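Protein chains: 2
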Amino acid sequence: MAGGTRSWWGWGNVEDAVRGEELDALLGRVRALLPDAELAPVQAPPVTELGLPAPRVKPPSALEEICSAELTDRAGHAHGKAFRDVVRNLAGDVRSVPDLVVRPAREQDVVDVLDWCSRADVAVIPYGGGSSVCGGVEPRLDGDHAGAVSLDLGRLDRVLEVDRTSRAARIEAGALGPALEAQLRQHELTLRHFPQSFEFSTLGGWLATRSSGHYATVYTHIDDLVESMRVVSPSGIGESRRLPGSGAGPSPDRLFLGSEGILGVITEAWMRVHERPRWRAVASVHFQDFARAVAATRAIAQAALFPANCRLLDPMEALINAGTSSAGGVLVLGFESADHPVAPWMARALELCRDHGGEVPDPVRDTDTGEPGGGRTAADGWRDSFLRMPYQRDALAARSMIVETFETACTWDGFAALHAAVQGATATALASVGAPGVLTCRFSHVYPDGPAPYFGIYAAGRPGATLQQWDEIKAAVSDALIAHGATITHHHAVGRDHRPWYDQQRPEPFAAALSAAKKALDPAGILNPGVLIDR
Amino acid sequence: MAGGTRSWWGWGNVEDAVRGEELDALLGRVRALLPDAELAPVQAPPVTELGLPAPRVKPPSALEEICSAELTDRAGHAHGKAFRDVVRNLAGDVRSVPDLVVRPAREQDVVDVLDWCSRADVAVIPYGGGSSVCGGVEPRLDGDHAGAVSLDLGRLDRVLEVDRTSRAARIEAGALGPALEAQLRQHELTLRHFPQSFEFSTLGGWLATRSSGHYATVYTHIDDLVESMRVVSPSGIGESRRLPGSGAGPSPDRLFLGSEGILGVITEAWMRVHERPRWRAVASVHFQDFARAVAATRAIAQAALFPANCRLLDPMEALINAGTSSAGGVLVLGFESADHPVAPWMARALELCRDHGGEVPDPVRDTDTGEPGGGRTAADGWRDSFLRMPYQRDALAARSMIVETFETACTWDGFAALHAAVQGATATALASVGAPGVLTCRFSHVYPDGPAPYFGIYAAGRPGATLQQWDEIKAAVSDALIAHGATITHHHAVGRDHRPWYDQQRPEPFAAALSAAKKALDPAGILNPGVLIDR
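Taken in order, these protein sequences are the chains called E and H.
Using the UniProt record's numbering, you'd call the opening residue of the first sequence number 1 and step up by one each time.
Using the UniProt record's numbering, you'd call the opening residue of the second sequence number 1 and step up by one each time.
If you want it as structure tokens, here you go:
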């Protein structure tokens, strides 16, 4: 929630941490699943006890006003929000910390910071909401630079312009999800990009990491909602034209989308926005057999029905995160529209499900809010609990549980083998590190040619050793993903932590081209060193 | 049609040129529209009279077998198929001609050709079907290289592999449209990419130029149908993973899509294919007012109904190319599906049209072929006449008519001003060059945030001067596009002819990045010099 006290060590706001009845219920569910879990709580140390070194760099006087060397700022910007970040914070293990946190108030400040840092060999880590789960905002520099600043775009948070006719809005990169939605709502518009990090991640972060969001089909990634972008690089400012489509050379925007801050700092973008949906239909389909559930989901993905939600939960995921028991998984289907009732779409999707053995025990929940975007629906409830999950993850991480996710994408043809390989690698790794646990799987997004499987691991770790245990599990499953032709990430980005697998995945000539592009745009090599490519 | 004799100077096959009754009818229509047109025919000279210089380079003996110095080959590969190419050919004005036409029989041949040419400073012009309309395949080198070869991928024309489960096919880059569709049809699949050049353009050409095709919405460009690509560059071969979606760094494919042969030679790609549609619905909506027709089209584009066809014709376009008289234009709407009847989709789209004053004089043509892909429909008839247009263009170009198209994209908000500016610039330019003529406009593709307007010019030129006349008109309208924030091309690519406007359009930092990427992948600078960026 906006306006709270950001936790320096964990997700979101201090005031919103899991406690009381929610905590009791959560721990109860864990004990039922993993009776041997110890669940002994630890507390994060105060930032004054982290032993942070004094800043190694001093900003030019013209920039002093936007620079902070405050301990909580620096500690809070040292890590992202992965499980391994939270565990290290809880242990007081904060080694790579920015010397300063810089908060530009206007684009020229960004230009000036890049100028100063290029001259002074200071690494610049572009920072949106800080929700990276792959080491994307951590100044892990191996001594290559005179220092590091975290460039926090949070003050650039306005919707600057709205073109209602073209359904587009010019938005500053530092706007957090709720802030930009609140501003768009005044125009009865919405971006409808709802990653799990929604409350504490920014437009610029979404663009830089090719975030995926609300839509299970068609507009899966933020890439698809970009009309144009403005990027400040050390060698100049670039702004692409506002174009609905173009074939003029390789897409300029696509080079910066996913560039994770190594080529420039995104300062604003024209985004394609939507009218707020009025009609919604939601249904849950139960299956006796997971392979048939996958086949049904594939049929829907290939039917060009374009559901907004097409989330297949495997039986363990359905049990843990939806409280539903099913032998073959549950497919949660949702259609929505600001323009028309969606019953024909849902009817055909359910027909496809029934063709594959799906059963629909409850009636379809049809909603017509009567006006664009009014009212609350079942989907809102799921979203609330979805947004709550990172807080619960922290509560468990502080009780020596291993709770983490990883995600990928693969072809339909390759899914069964990949799934088996991930299950096998996880089981072996859990046994090897001595952590009893479970693996869940859902499809977060689906495409005509394949799903984006999203995996969760819940395991009882050994107090004080969960970081090493997780790193071993993560390496094993990452190896399995790469060996089976999948991507190391569908929407969590690469950062520093995914580099070993990303380096195997990407075509070598592309890596050479990207390195050359970086040298042209960032000749001093100050931008997010170590992310995506070698320094 | 496959198997004919390719014309060295004009579109397609010699056997299919416009003659007899078709020619009489065509000239009759022109005389009705432009009574002053002279229409005196000229004939292209035989290639032996072009005075082509002897080849300046000699291939290594290992490559001799795949090299041709034959005059018709060289003359036929000198130009693309723009109006200005055809006019120059008809005048025997063929100055930039490749020294050799090289036809690799396997990927290793491509590697060997790039090796040889890098060593010998020979420019390599990747060549698919040769249908470029922007100077993309013309070896206009200004003496910077020892010679030039046209690398014709036409022998690499097979569908190598089909993954029916994931609906994907691995296809060689040199496959022409009809050849790849014929091979896919054996699997009851289709790529459904039908640019106007369909019969004489290749998969590799579509990918290298970001071709747009059949689908008016969602999958507008070939980019959206790519699962992975294989590219041979002078510094190595790259192949991206087969992934339905990914967020691992900037998209490798998107750097090569639209790279127009300057970064490497695309040799094959995994493409997303479809089942052949069974259900179709087609309707024509008439409007009294073009602005209201545009508003209706916008409403459909923003309603997420995703028609396959959403072609708004202005009154002149409707008259000339559809034989329909209407005060405010005609919207041709088409829905299609391999999965379900499309009546609800069409019903809602027509409702939106009626809300904006549209009238539907004829009943919706609903088709159910009863089996996937069987039968012919009205859409097929339109496609046939659509594919016939380039032949008719040639017949008119040979009779001193100026017949050419240009296309762009813009936001909905900017369309009216852009349209007026293009109309104004065209009228002024036509008057200035003394060519009475008309301008037509249609939307080839539509997006939630804007249309892709496609313009046609039909003017009575001065015999012997139509090239200069067209160049002046083209410059005037291109200036108008750029001044009004539009793109110099939505799907015709940049090549050499669009450079002055492309250079104004693209962000400068992106140009620097692209140049750096090219230097890394093509250190000798042999690949399609002068296209997209400076040598």
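From the three backbone atoms N, C-alpha and C, an ideal C-beta is built for every residue, glycine too.
Note that the coordinates shown come from a computational prediction; the quantities given were computed from them, not determined experimentally.
Task: Residue-level contact to chain E via CB, C441(H), 9 Å cutoff - done: As a first step, residue 441(H) must be located in the second sequence, where it is residue number 441. Chain E contact via Cβ: absent.
- [ ] Using beta-carbon positions only, say whether L151(H) and A169(H) come within less than 9 Å of one another.
- [x] If you number the second sequence from 1, residue 151(H) lands on position 151. If you number the second sequence from 1, residue 169(H) lands on position 169. In this structure, A169(H) does not lie closer than 9 Å to L151(H) by Cβ.
Task: Proximity of I125(E) and H77(E) at Cβ, strictly below 9 Å - done: For this step, residue 125(E) is matched to residue 125 along the first sequence. For this step, residue 77(E) is matched to residue 77 along the first sequence. For I125(E) and H77(E), yes; Cβs fall inside 9 Å.
TODO: Would you list, in chain order, the members of the stretch 156-177 of chain E that have their beta-carbon closer than 9 Å to a beta-carbon of chain H?
DONE: D163, R164, T165, S166, R167 and A168
Open item on the list: Which of the three DSSP states is assigned to A322(H) in this structure?
Closed with: Here residue 322(H) corresponds to residue number 322 of the second sequence, with the count starting at 1. Three-state result, A322(H): helix.
- [ ] Using a threshold of 9 Å, state whether the C-beta atoms of T411(E) and E138(H) are closer than that.
- [x] If you number the first sequence from 1, residue 411(E) lands on position 411. If you number the second sequence from 1, residue 138(H) lands on position 138. No, the pair does not count as a contact, with Cβ atoms beyond the cut-off.
Open item on the list: If you reduce the DSSP assignment to three classes, tell me which class M1(E) lands in.
Closed with: Locating residue 1(E) in the first sequence gives position 1, where the first residue counts as 1. With a pLDDT of 46 at M1(E), under the threshold of 50, the modelled position of this residue cannot be trusted; read the value that follows with caution. In the structure shown, M1(E) sits in coil (DSSP, three-state: anything other than H, G, I, E or B).
- [ ] Would you list the residues sitting across from S337(H) in a DSSP beta bridge?
- [x] Position 337 of the second sequence, counted from the start, is the residue given in the question as residue 337(H). W279(H).
- [ ] Decide if the stretch 488-495 of chain H is in contact with the stretch 400-408 of chain H; the criterion is three or more beta carbon pairs, one per stretch, under 8 Å apart.
- [x] yes
Open item on the list: Does the stretch 384-403 of chain E come into contact with the stretch 69-85 of chain E, if we say contact requires no fewer than three beta-carbon pairs (one atom in each stretch) closer than 8 Å?
Closed with: yes
Open item on the list: Using a Cβ-Cβ distance cut-off of 9 Å, determine whether K519(H) contacts chain E.
Closed with: Mapped onto the second sequence, residue 519(H) falls at position 519. Yes, its Cβ sits closer than 9 Å to a Cβ of chain E.
Task: For Y458(H): DSSP bridge partner residues - done: Locating residue 458(H) in the second sequence gives position 458, where the first residue counts as 1. Y458(H) pairs with V403(H) and V438(H).
Task: Inside the stretch 127-155 of chain H only - beta strand (DSSP E) runs reaching at least 3 residues - done: 147-152
Task: Contacting residues, own chain, Cβ-Cβ under 7 Å from L305(H) (five flanking each side not counted) - done: The sequence position of residue 305(H) within the second sequence is 305, counting from 1. Around L305(H): W345, R348 and A349.
- [ ] Starting from the C-beta of A417(H), find all residues in its chain whose C-beta is less than 7 Å away, skip the five residues before and the five after it, and write them out in chain order.
- [x] Looking up residue 417(H) in the second sequence gives position 417. Counting only Cβ-Cβ distances below 7 Å, and skipping sequence neighbours, we find H484.
- [ ] Report the partner residues of S228(H) according to the DSSP bridge assignment.
- [x] Here residue 228(H) refers to the residue found at position 228 when the second sequence is read from its first residue. Bridge partners of S228(H): W270(H).
Open item on the list: If the cut-off is 9 Å on Cβ atoms, which residues from the stretch 61-79 of chain H count as contacting chain E, listed in chain order?
Closed with: Using a CB distance below 9 Å, no part of the stretch 61-79 of chain H faces chain E.
Task: Delimiting residues of the beta strand (DSSP E) encompassing R170(H) - done: Locating residue 170(H) in the second sequence gives position 170, where the first residue counts as 1. That run of the beta strand (DSSP E) goes A168 to E172.
Task: Secondary structure, beta strand (DSSP E): runs of 3+ residues fully inside the stretch 40-121 of chain H - done: The qualifying runs are 100-102.
TODO: Measuring only between beta-carbons, confirm whether G525(H) sits less than 9 Å from chain E.
DONE: On the second sequence, residue 525(H) is found 525 positions in, with the first residue counted as 1. Chain E, which has no Cβ nearer than 9 Å to the Cβ of G525(H), makes this no.
TODO: Would you kindly report the start and end of the unbroken alpha helix (DSSP H) that includes V422(E)?
DONE: Residue mapping note: residue 422(E) aligns to position 422 of the first sequence, counting from 1. V422(E) -> alpha helix (DSSP H) spans W412 to V433.
Open item on the list: For a test of the three-state rule: what should DSSP assign to D449(H), helix, strand or coil?
Closed with: As a working note, residue 449(H) is residue 449 in the second sequence. Coil at D449(H), not helix or strand.
TODO: Find out if the Cβ-Cβ distance for the pair A91(H), L467(H) is shorter than 9 Å.
DONE: Taking the first residue of the second sequence as position 1, residue 91(H) is located at position 91. Taking the first residue of the second sequence as position 1, residue 467(H) is located at position 467. For A91(H) and L467(H), yes; Cβs fall inside 9 Å.
Open item on the list: How far does the alpha helix (DSSP H) with T367(H) in it extend, from its first residue to its last?
Closed with: In the second sequence, counting from the first residue as 1, residue 367(H) sits at position 367. Note, T367(H): premise wrong, no alpha helix (DSSP H); beta strand (DSSP E) at R365 to D368.
Open item on the list: For a contact defined as C-beta to C-beta under 7 Å, what are the partners of P507(H) on chain E?
Closed with: What you label residue 507(H) is simply residue 507 of the second sequence in a count that begins at 1. Within 7 Å Cβ-Cβ: G238, E239, S240 and P252.
- [ ] Provide the residue span of the alpha helix (DSSP H) that contains E508(E), from first to last.
- [x] Here residue 508(E) corresponds to residue number 508 of the first sequence, with the count starting at 1. Its alpha helix (DSSP H) spans residues E508 to L521.
Task: S408(E) - DSSP class collapsed to helix/strand/coil - done: On the first sequence, residue 408(E) is found 408 positions in, with the first residue counted as 1. A small correction: the amino acid at residue 408(E) is Thr; Ser does not occupy that position in the sequence shown. In this structure, T408(E) counts as coil in the three-state DSSP scheme.
Open item on the list: By the DSSP assignment, the beta strand (DSSP E) with L238(E) in it spans what residues?
Closed with: Here residue 238(E) corresponds to residue number 238 of the first sequence, with the count starting at 1. Sequence check: residue 238(E) is Gly here, not Leu. Its beta strand (DSSP E) spans residues G236 to E239.
Task: Minimum Cβ-Cβ distance from S118(H) to chain E less than 9 Å - done: Numbered from its first residue, the second sequence carries residue 118(H) at position 118. No, its Cβ sits nowhere closer than 9 Å to a Cβ of chain E.
Open item on the list: So that I know if they touch, is there some Cβ in chain H lying closer than 9 Å to that of P529(E)?
Closed with: Residue numbering aside, residue 529(E) sits at position 529 when the first sequence is read from its first letter. Output row for P529(E): interface = no.
Task: Neighbour flag for R280(E) against chain H, beta carbons, 9 Å - done: As a working note, residue 280(E) is residue 280 in the first sequence. Chain H, which has no Cβ nearer than 9 Å to the Cβ of R280(E), makes this no.
Open item on the list: Counting only Cβ-Cβ distances shorter than 7 Å, please list the residues of the stretch 329-351 of chain E near chain H, keeping chain order.
Closed with: S337, D339, H340, P344 and R348
Open item on the list: To the nearest angstrom, how far is the alpha carbon of A427(H) from that of D223(E)?
Closed with: By 1-based counting over the second sequence, the position of residue 427(H) is 427. By 1-based counting over the first sequence, the position of residue 223(E) is 223. For A427(H) and D223(E), the distance between alpha carbons rounds to 39 Å.
Open item on the list: If you measure between the beta carbons of residue 536(E) and P307(H), is that distance less than 9 Å?
Closed with: Past the boundaries of the shown model lies residue 536(E); chain E is included only from 1 to 535, so the question cannot be answered.
Task: Classification of A327(H) by the beta-carbon crowding that lies within 10 angstroms, buried from 16 upward - done: On the second sequence, position 327 is the one that residue 327(H) refers to. Classification for A327(H): exposed.
Open item on the list: Rounded to the nearest angstrom, what separates E359(H) and I320(H) at their Cα positions?
Closed with: Taking the first residue of the second sequence as 1, we reach residue 359(H) at position 359. Taking the first residue of the second sequence as 1, we reach residue 320(H) at position 320. Computed Cα separation, rounded: 20 Å.
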